[in-house]
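What follows is a single structure, written as structure tokens, with notes after it.
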Amino acid sequence: MIVKILSVIVAIFIGFRVLSFIVGRLHYLNRIRHRINLVLPIIELLVWIGTIMWIVKLIYETHNYELLISLGVIFLLFIVPAFSLLRDFISGISLKAQSTIFLGAFLEVNQIQGEVVKVGHFVVELKDSHGDIRTYPYSQIRSKVILRTSDNVHLVKLKLEFQIPDNNHINDTLKTIIHVIINTPWCAPSKMPVVDQVVSNNGVSNVIVGVYSLNKSYGEKIKGVVDLYLQQNS
Numbered sequence: 009m010i011v012k013i014l015s016v017i018v019a020i021f022i023g024f025r026v027l028s029f030i031v032g033r034l035h036y037l038n039r040i041r042h043r044i045n046l047v048l049p050i051i052e053l054l055v056w057i058g059t060i061m062w063i064v065k066l067i068y069e070t071h072n073y074e075l076l077i078s079l080g081v082i083f084l085l086f087i088v089p090a091f092s093l094l095r096d097f098i099s100g101i102s103l104k105a106q107s108t109i110f111l112g113a114f115l116e117v118n119q120i121q122g123e124v125v126k127v128g129h130f131v132v133e134l135k136d137s138h139g140d141i142r143t144y145p146y147s148q149i150r151s152k153v154i155l156r157t158s159d160n161v162h163l164v165k166l167k168l169e170f171q172i173p174d175n176n177h178i179n180d181t182l183k184t185i186i187h188v189i190i191n192t193p194w195c196a197p198s199k200m201p202v203v204d205q206v207v208s209n210n211g212v213s214n215v216i217v218g219v220y221s222l223n224k225s226y227g228e229k230i231k232g233v234v235d236l237y238l239q240q241n242s
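Taking my numbering, the leading residue of the sequence shown gets 9, the next gets one more, and so forth.
Shown next as structure tokens:
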């Protein structure tokens, strides 16, 4: 029985870690990745709750009451830290669902301002102006957001230039470029990218796309993602 329980626990843990890794590799589908990241932790929580109920039922059916009492004592010992983790988990789900916290957002926590560089299940990591990484539980940063990509007053327009083959599929390529840009974490969701100019010369089209973002430095990151995508799909 113990081997069976441990096998199920290990399988669930590894399974969700693999799913998280796969979702994290969806570089060009940022919006889809955002939605999956909202649902996946909830599913994992429900699976773990169901697993605990299954383990309790399994032990109860074997009439091993000593082991059942031991599990109850362990549960009581961990109920306080578990409550804190659950509070941070729920706060994180709420903030993510409101698109308040995401990679590239700017937050202020305890008078420290920084950019979100990692979004976890219970904590978020910020990089401050000195380049230091700071970790905060979600319950500490509620209502502390100071900047979002949807706040137009903070946006700057970037002009990114791309070179693509001048052929019959140029319109499809332009749509693809816009799609990839939108799904990067540095593009403002409230302002759609716009193709400002297309100039054809010797079989090559120089395309200039206007992109709205929070910081001029993000232009190189966005351009790098698009260039890599075009290179891999050329």
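Beta carbons: idealized from backbone N, C-alpha and C, even for Gly.
* Would you kindly check if the distance between the Cβ of residue 231 and the Cβ of residue 168 is under 8 angstroms? => yes
* Please work out which residues of its chain come closer than 8 angstroms, Cβ to Cβ, to residue 76, disregarding the five sequence neighbours upstream and downstream, and give them in chain order. => 64, 67 and 68
* To do: Name the two residues that bound the continuous beta strand (DSSP E) containing residue 143.
  => 141-145
* Evaluate residue 157 with the Cβ neighbour count: other Cβ atoms within 10 Å of its Cβ, from every protein chain shown; 16 or more gives buried, anything less gives exposed. => Reliability of the predicted coordinates at residue 157 is poor, the pLDDT of 40 falling under 50, and the value obtained from them is presented with this limitation in mind. When all chains shown are included, residue 157 counts as buried.
* Buried or exposed: residue 151, going by 16 or more other Cβ atoms within 10 Å of its Cβ? -> Any reading at residue 151 must be qualified, since the residue scores a pLDDT of 46, below 50, and its modelled position is unreliable; no value is offered.
* Can you say whether residue 70 is buried or exposed, counting buried as having 16 or more other CB atoms within 10 angstroms of its CB? => exposed
* Asked: Below 8 angstroms between beta carbons: does that hold for residue 127 and residue 111?
  -> yes
* **8 angstroms Cβ cutoff met for residue 238 and residue 186** => no
* To do: Name the residue from 164, 209, 213 and 192 whose alpha carbon lies nearest to the alpha carbon of residue 182.
  => 213
* **Helix, strand or coil at residue 154 [DSSP, three-state]** => Residue confidence is low: residue 154 scores 42 on pLDDT, short of 50, so the model does not pin down where it sits. Its coordinate-derived value is still stated next. Of the three classes helix, strand and coil, the one that applies to residue 154 here is strand, per DSSP.
* Asked: In three-state DSSP terms, what is residue 27?
  -> helix
* **Length of the line joining the Cα atoms of residue 184 and residue 177** => 11 angstroms
* Based on Cα-Cα distance, which residue from 206, 202, 192 and 241 lies nearest to residue 33? -> 192
* Asked: If residue 215 sits next to residue 206, beta carbons under 8 angstroms apart, how far is it from one beta carbon to the other, in whole angstroms?
  -> 5 angstroms
* Asked: Of the residues 85, 91, 10 and 94, which one's Cα is nearest the Cα of residue 72?
  -> 10
* Consult DSSP for residue 120 and reduce its assignment to one of helix, strand or coil. => strand
* Asked: CB residue 124 to CB residue 109, shorter than 8 angstroms?
  -> yes
* Leaving out five residues on either side along the sequence, give the residues of the same chain with a beta carbon under 6 angstroms from the beta carbon of residue 211. => 174
* To do: Note down, in chain order, each residue of its chain lying with its Cβ closer than 6 angstroms to the Cβ of residue 29, except the 5 sequence neighbours on either side.
  => none
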